[in-house]
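Chains as they are written, first to last, in the working numbering: chain A, 6 to 548; chain B, 6 to 548.
Worksheet for the structure shown next.
Protein chains: 2
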Amino acid sequence: MRVTTLGGLGEIGRNMSVVEYDGRLVVVDCGVLFPEDHQPGIDVILPDFTSLRDRLGDIEAIVLTHGHEDHIGGVPYLLKERPDILVIGSELTLAFITAKLKEHRITPRTQHVEAGDTYHAGVFGLEFVAVNHSIPDGLAVAIRTPAGLVLNTGDFKMDQFPLDGRITDLRHFARLGEEGVDLFMVDSTNAEVPGFTTSERDLAPAIDHVFATAPRRIIVSSFASHVHRIQQVLDAAHQHGRKVAFVGRSMVRNMGIARDLGYLTIPHGLVVDAKKLESMPDQKVTLICTGSQGEPMAALGRMANGDHQISVGEGDTVLLASSLIPGNESAIYGIINKLTDRGANVVHKGNAKVHVSGHASAGELVYCYNILRPRNVLPIHGESKHLHANAQLAVSCGVPAERVIVGRDGMVVDLVDGVATIVGQVEAGLVYVDGETVGKATEDTLHERRLLREGGVITVLALVDPTTTTLAEPPEFLTRGFVHDDHTFDGASAEVTTALARAAEQGVTGIDALEQAISRAVSRFIQRRYRREPVVIAIVVES
Amino acid sequence: MRVTTLGGLGEIGRNMSVVEYDGRLVVVDCGVLFPEDHQPGIDVILPDFTSLRDRLGDIEAIVLTHGHEDHIGGVPYLLKERPDILVIGSELTLAFITAKLKEHRITPRTQHVEAGDTYHAGVFGLEFVAVNHSIPDGLAVAIRTPAGLVLNTGDFKMDQFPLDGRITDLRHFARLGEEGVDLFMVDSTNAEVPGFTTSERDLAPAIDHVFATAPRRIIVSSFASHVHRIQQVLDAAHQHGRKVAFVGRSMVRNMGIARDLGYLTIPHGLVVDAKKLESMPDQKVTLICTGSQGEPMAALGRMANGDHQISVGEGDTVLLASSLIPGNESAIYGIINKLTDRGANVVHKGNAKVHVSGHASAGELVYCYNILRPRNVLPIHGESKHLHANAQLAVSCGVPAERVIVGRDGMVVDLVDGVATIVGQVEAGLVYVDGETVGKATEDTLHERRLLREGGVITVLALVDPTTTTLAEPPEFLTRGFVHDDHTFDGASAEVTTALARAAEQGVTGIDALEQAISRAVSRFIQRRYRREPVVIAIVVES
């Protein structure tokens, strides 16, 4: 049996792994990673499918553990390569992926499973275990082959009092442990966090306090997939006699799905259209909207910028019942400040207990190790520091250090006679989605964008007499994002003249070479005089 | 008496205020603000000096409360406008600003003051109060005029057991309170944080634990101005028989200043040159370096990237004894992950108690309000949410709400008969330092850079026959940061032809107008076909 980790090791996102036995494959999850500051202009980042491309026909199925973007966002791109791959998941997960695929005009072949189910995908015996997470209907998956058993947790935590009563099934884990787990692939996100993730239910007092004391409208923002969090808000609104409207495309869509499938319980008449709320007294109004991560184009961001039909004002209460994903802090704080400036009282993670994580902390992971007693451990779903922290937990629970694999994307692990060993590495680079292009934006593209971002661009147009290699007239300088005035380029023309003279002297000809000489001369001029490094594009036209 | 707040209200940075009486001025602080993601390429941001520019001769002095960049970083730019302004501050603060001004080739006129001192700057009676902060030798300043008394805290907290024994002098605050504080300008940074900021001394166990257990080298990173934090590290190193070297320009310079002035106590033989450590056994080595905020060019960032002569490896311990400034998280986490990948054990704020804030939390601020009982309160040093939170604390301590001013940069407040009132607003926009230019980069510049960052740039060269307004040959497309292949611009030439034909039809002439028509046509083509929005620069050359 062979396991290849295509994503999620060394990053929080684009989770994907492949289990192979006897030439056949099962894929577990296929998510996207969101770009960071040093990857400007990129929409999302995919796992690299290169190692699968010649073997698409060998894939028995893709198992989706839950419906978050970092686990399902890459599926449309995989299905574009082979549309009839069987997609296996729980009811809500399948509903979310089907809605997403519809936007890509793909109708997937699906298999619905529930916790406790087993399903045979060719040679693979799949068994599904209920896990609790920040989206309902999460599943861990056990994959049985004659060579051993792999257990992949997906994302999970062990809330003992979840709103839907559906706890991570430790009795099921225990049965698998007694049978013998050969390789335990386990969520590392919160492995550095000591203790236990508190219960979703523990947020009730703070949410209730907001509803009990807010003098005017209440505007709640949260992840559009966090059904339990939204349920808590709905319950509080109902109890305090307020009406609720959903605002923002993904919020409206997801809550519709969750309600239709019974994951969201909405008392009759509680939820109304946003338009209807306009005529109601402020103290009867609740809006639940997108934008909790500071996205400028989502509903909350537009409200903060005064760019939304719903205008936030004096006395309104904004409840950010959500996490602060690293990298988004500045944007979120910016929105909190703008809402505060508009007179709103903003309640957020920083000043009230209105968020808990969706991932198991160190204390919970330790329980898992002790219940499962796995032979080999492969921490997944985390940056390096998280994977290392999780590995240390495994070792502290008695798993031999040489049986704990801290890996990287693309790592190939073979399981032979109950021993997991790294045997190779496949391509696992970052595949950038950039507008309509997939995999065409390169590190060079991003490097150029970073240069453009820092210094702007100068285009130099030089009319050159080809017989003498001299300027036919002074060069023209066009700029974008580069600070200049009427005299900025005084002296640059002389530099271009000198560069051309030197080129002529050295017998350099050809437009490309002259353009290079000119752009180098202008770059140096700007660097020396202004300590700036804009991108310089020279264009030579022969006169 | 009039107070104008030129910076620090609505942002953490570029702190600056001006007190005016009888036509004369005292400036308190003059700091820089560091740019955010939406201000690419900007080095630092200054307060706007416009309202002072005609009145430079009226300035009696500038008082610097402490030596942090967000309080002194703008001084070189102010002194460039009038070099002989008297600079008043404590010993360490003056040493830091003098070293900074030396880099700008300015020798300032200075006045050294100590806690408890009074100093007459023209009509202004200045009195200095010891405050405790994350840099030694901080001062609050009371400014007396016949119209009333203003107390500006600078940055402070109320550590009751500071390493240097120099606590925020509440007996002095009490005397001022009994005399009567007409306007209390007070640090808001941690006003949202409940309770009390714990003591710097409380970090000792975690720091000691690192030194007691680290098997090989210890590499510590912290702010280069955090003398007390560095002192704790030095003490631990000494106690555990390690030697220490400072690494990084600002760390070496500042610790030299602090040692020479007696703010840092270094046991004989403890600190050695970094080169000397190379020949010592790893378990005897401590390096204290810059880069705790994830700056890629600072020592720690270069070590993480394997780009520094000091190579971090298996068994090394890295101690990040520093804060996580919002906006820097991703960069810092990136460095932690890279160091972890190199085999280092990274101890940081997230997994050990190795940092405390330098600012007073809500509980401490409440003490101040009750001791001072100020007539009017002006929260300073904070984003909107911090200013509002601080205002609420003042009100909760009995300051009438109408005497608490939540203001903005540029606000002008008059104090008449003990009542502070907003009477106007002066220019207080963001003044960008961009390479050698000051105040020339505009919001348009930044907008263009953001566009370039997201989509790259396409330069279109069109040779146009001026008599027919038609292309003399197919246009050329040059790109930077824009994803393309050999066929990307197929069809674009036709769009340019059409645009020129339409221009000719409508009688549009002139190179500028044709360039606009072409760039619009190409932008639309790219947008429609690739859903991208690069910057398009068209250049028309008449053939």
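Glycine included, C-beta positions come from ideal geometry on N, C-alpha and C.
Please indicate yes or no: does the CB of Phe-161 of chain B lie closer than 7 Å to some heavy atom of the ligand ADP? In the structure on display, the ligand ADP does not appear, and there are no ligands present to speak of.
DSSP beta-bridge partners of Thr-426 of chain A: Locating residue 426 of chain A in the first sequence gives position 421, where the first residue counts as 1. Its beta-bridge partners are A:Asp-419.
Taking the beta carbon of Thr-474 of chain B as the centre, do at least 16 other beta carbons fall within 10 Å, making it buried, or is it exposed? As a position in the second sequence, residue 474 of chain B is number 469, starting the count at 1. Thr-474 of chain B should be labelled buried.
Tell me which residues of the region 39-54 of chain B have at least one Cβ-Cβ distance to chain A shorter than 8 Å, keeping chain order. Taking a C-beta cut-off of 8 Å against chain A, the contacting residues of the region 39-54 of chain B are Glu-41, Asp-42, Pro-45 and Gly-46, listed in chain order.
Our contact map puts Thr-10 of chain B next to Asp-414 of chain B with C-beta atoms below 8 Å; I'd like the distance itself, whole angstroms only. By 1-based counting over the second sequence, the position of residue 10 of chain B is 5. By 1-based counting over the second sequence, the position of residue 414 of chain B is 409. At roughly 6 Å, the Cβ-Cβ gap stays under 8 Å, so Thr-10 of chain B and Asp-414 of chain B are in contact.
Are there 16 or more other CB atoms within 10 angstroms of the CB of Met-190 of chain A, so buried, or fewer, so exposed? As a working note, residue 190 of chain A is residue 185 in the first sequence. So Met-190 of chain A counts as buried.
For chain A, find out if any of its Cβ atoms is closer than 8 Å to the Cβ of Thr-345 of chain B; answer yes or no. Mapped onto the second sequence, residue 345 of chain B falls at position 340. Closer than 8 Å: yes.
Residue of B:Tyr-374, B:His-492, B:Val-23 and B:Arg-380 minimising C-alpha distance to Gly-430 of chain B: For the purposes of this step, residue 430 of chain B is taken as residue 425 along the second sequence, with counting starting at 1. Strictly speaking, residue 430 of chain B in this sequence is Gln, with Gly absent from that position. Ranking the options by Cα distance to Gln-430 of chain B, first place goes to B:Val-23.
For Glu-119 of chain A, does the three-state DSSP call read helix, strand or coil? Here the question's residue 119 of chain A lines up with position 114 in the first sequence. It is coil, neither helix nor strand.
Check whether chain A comes within 8 Å of Val-438 of chain B, counting only Cβ atoms and requiring the distance to be less than that. Residue mapping note: residue 438 of chain B aligns to position 433 of the second sequence, counting from 1. Val-438 of chain B has a beta carbon lying at 8 Å or more from every beta carbon in chain A.
To the nearest angstrom, how far is it from the Cα of Leu-329 of chain A to the Cα of Ser-284 of chain B? Taking the first residue of the first sequence as 1, we reach residue 329 of chain A at position 324. Taking the first residue of the second sequence as 1, we reach residue 284 of chain B at position 279. Cα to Cα, the separation comes out at about 45 Å.
Using a Cβ cut-off of 8 Å (strictly closer), state whether Glu-197 of chain B contacts chain A. Here residue 197 of chain B is taken as the residue at index 192 of the second sequence, counted from 1. So, interface residue.
Quick one: list the residues of chain B neighbouring Ile-341 of chain A, beta-carbon separation under 9 Å, in chain order. Walking along the first sequence from the start, residue 341 of chain A turns up at place 336. By Cβ distance, chain B contributes Glu-388, Ser-389 and Lys-390.
Mind checking which residues open and close the beta strand (DSSP E) that includes Leu-282 of chain A? On the first sequence, residue 282 of chain A is found 277 positions in, with the first residue counted as 1. Counting along the chain, Leu-282 of chain A sits inside no beta strand (DSSP E); it lies in the alpha helix (DSSP H) bounded by residues 279-282.
Give me the Cα-Cα distance between Ala-326 of chain B and Arg-222 of chain B, rounded to the nearest whole angstrom. By 1-based counting over the second sequence, the position of residue 326 of chain B is 321. By 1-based counting over the second sequence, the position of residue 222 of chain B is 217. Roughly 16 Å between the two C-alpha positions.
Let's see if you can read the secondary structure: which residues bound the beta strand (DSSP E) around His-353 of chain A? If you number the first sequence from 1, residue 353 of chain A lands on position 348. Where His-353 of chain A is concerned, the enclosing beta strand (DSSP E) stretches over 350-353.
Spell out a yes or no on whether the region 345-354 of chain A and the region 302-309 of chain B are touching, meaning 3 or more CB-CB pairs, one atom from each, closer than 8 Å. Short answer: they don't touch.
Give me the residue from B:Gly-512, B:Pro-479 and B:Thr-484 with the minimum Cα distance to Glu-1 of chain B. Not covered by the structure: residue 1 of chain B. The range shown for chain B is 6 to 548.
Sequence-distant residues of its chain with Cβ nearer than 6 Å to Asn-375 of chain A (five each side left out): Numbered from its first residue, the first sequence carries residue 375 of chain A at position 370. The answer, listed in chain order, is Cys-402.
Who are the neighbours of Pro-331 of chain A on chain B, taking C-beta pairs under 8 Å? Position 326 of the first sequence, counted from the start, is the residue given in the question as residue 331 of chain A. Listed by position along chain B, the residues whose Cβ is nearer than 8 Å to that of Pro-331 of chain A are Glu-334, Ser-335 and Tyr-338.
With DSSP as the reference, label Ser-316 of chain B as helix, strand or coil. Your numbering for residue 316 of chain B matches position 311 in the second sequence. In the structure shown, the three-state DSSP call for Ser-316 of chain B is coil.
For the beta strand (DSSP E) that contains Met-190 of chain A, what are its first and last residues? Start at 1 with the first residue of the first sequence, and residue 190 of chain A comes out as number 185. 188-192 is the extent of the beta strand (DSSP E) around Met-190 of chain A.
Quick check on the DSSP output: the alpha helix (DSSP H) that includes Phe-101 of chain B runs from which residue to which? As a working note, residue 101 of chain B is residue 96 in the second sequence. Secondary structure note for Phe-101 of chain B: its alpha helix (DSSP H) is the uninterrupted segment 96-108.
On a Cα-Cα basis, can you pick out the residue from A:Tyr-535, A:Arg-507, A:Thr-502 and A:Leu-476 that is closest to His-492 of chain A? Within the first sequence, numbered from 1, the residue matching residue 492 of chain A stands at position 487. Minimum Cα distance to His-492 of chain A is reached at A:Tyr-535.
Go through its chain and collect everything with a Cβ distance to Phe-201 of chain B's Cβ below 7 Å, but skip five positions before and after it. Here residue 201 of chain B corresponds to residue number 196 of the second sequence, with the count starting at 1. So the list reads Ser-366, Gly-368 and Glu-369, once near-sequence residues are dropped.
Rounded C-alpha distance that separates Pro-264 of chain A from Leu-275 of chain A: By one-based count along the first sequence, residue 264 of chain A stands at place 259. By one-based count along the first sequence, residue 275 of chain A stands at place 270. Reading the sequence as shown, one finds Arg at residue 264 of chain A and not Pro. C-alpha of Arg-264 of chain A to C-alpha of Leu-275 of chain A: approximately 13 Å in a straight line.
Out of B:Ala-241, B:Pro-151, B:Val-136 and B:Asp-122, state which residue places its alpha-carbon closest to the alpha-carbon of Phe-166 of chain B. The sequence position of residue 166 of chain B within the second sequence is 161, counting from 1. Comparing alpha-carbon positions, the option among B:Ala-241, B:Pro-151, B:Val-136 and B:Asp-122 lying closest to Phe-166 of chain B turns out to be B:Val-136.
Quick one: give me the first and last residue of the alpha helix (DSSP H) that Gly-306 of chain A is part of. Looking up residue 306 of chain A in the first sequence gives position 301. Looking at the DSSP string, the run of the alpha helix (DSSP H) that includes Gly-306 of chain A is 304-309.
How should Thr-98 of chain A be labelled, buried or exposed, when 16 other C-beta atoms within 10 angstroms of its C-beta is the threshold for buried? One-based indexing of the first sequence puts residue 98 of chain A at position 93. Burial check for Thr-98 of chain A: the Cβ neighbour count within 10 Å reaches 16 or more, so the residue is buried.
Neighbour-count burial assignment, Pro-141 of chain A, 16 or more Cβ in a 10 Å radius: Start at 1 with the first residue of the first sequence, and residue 141 of chain A comes out as number 136. Classification for Pro-141 of chain A: buried.
Closest by C-alpha distance to Glu-183 of chain A, when choosing among A:Leu-154, A:Ser-548, A:His-364 and A:Ala-196: Looking up residue 183 of chain A in the first sequence gives position 178. Here the closest residue by C-alpha is A:Leu-154.
Given a threshold of 16 other Cβ atoms within 10 Å of its Cβ, counted over all protein chains shown, does Lys-280 of chain A qualify as buried or as exposed? Your numbering for residue 280 of chain A matches position 275 in the first sequence. Around the Cβ of Lys-280 of chain A, a 10 Å sphere holds fewer than 16 other Cβ atoms; the residue is exposed.
Given this structure, state the Cα-to-Cα distance separating Ser-297 of chain B from Pro-113 of chain A, to the nearest angstrom. Reading the second sequence from its first residue, position 292 is the one you call residue 297 of chain B. Reading the first sequence from its first residue, position 108 is the one you call residue 113 of chain A. The straight-line gap from Cα to Cα measures roughly 48 Å.
Which of the three DSSP states, helix, strand or coil, is assigned to Val-371 of chain A? In the first sequence, residue 371 of chain A corresponds to position 366, counting from 1. Three-state result, Val-371 of chain A: helix.
Compute the beta-carbon to beta-carbon distance between Ile-542 of chain A and Arg-455 of chain B, rounded to the nearest angstrom, for a pair I have assumed lies under 8 Å. For this step, residue 542 of chain A is matched to residue 537 along the first sequence. For this step, residue 455 of chain B is matched to residue 450 along the second sequence. No, Ile-542 of chain A and Arg-455 of chain B are not in contact; Cβ-Cβ is about 19 Å, not under 8 Å.
Members of the region 450-469 of chain B that neighbour chain A once the beta carbon cut-off is set at 9 Å: For the region 450-469 of chain B, residues whose beta-carbon sits nearer than 9 Å to a beta-carbon of chain A comprise Thr-450, Leu-451, His-452, Glu-453, Arg-454, Arg-455, Leu-456, Leu-457, Arg-458, Glu-459, Gly-460, Gly-461, Val-462, Thr-464, Leu-466 and Leu-468.
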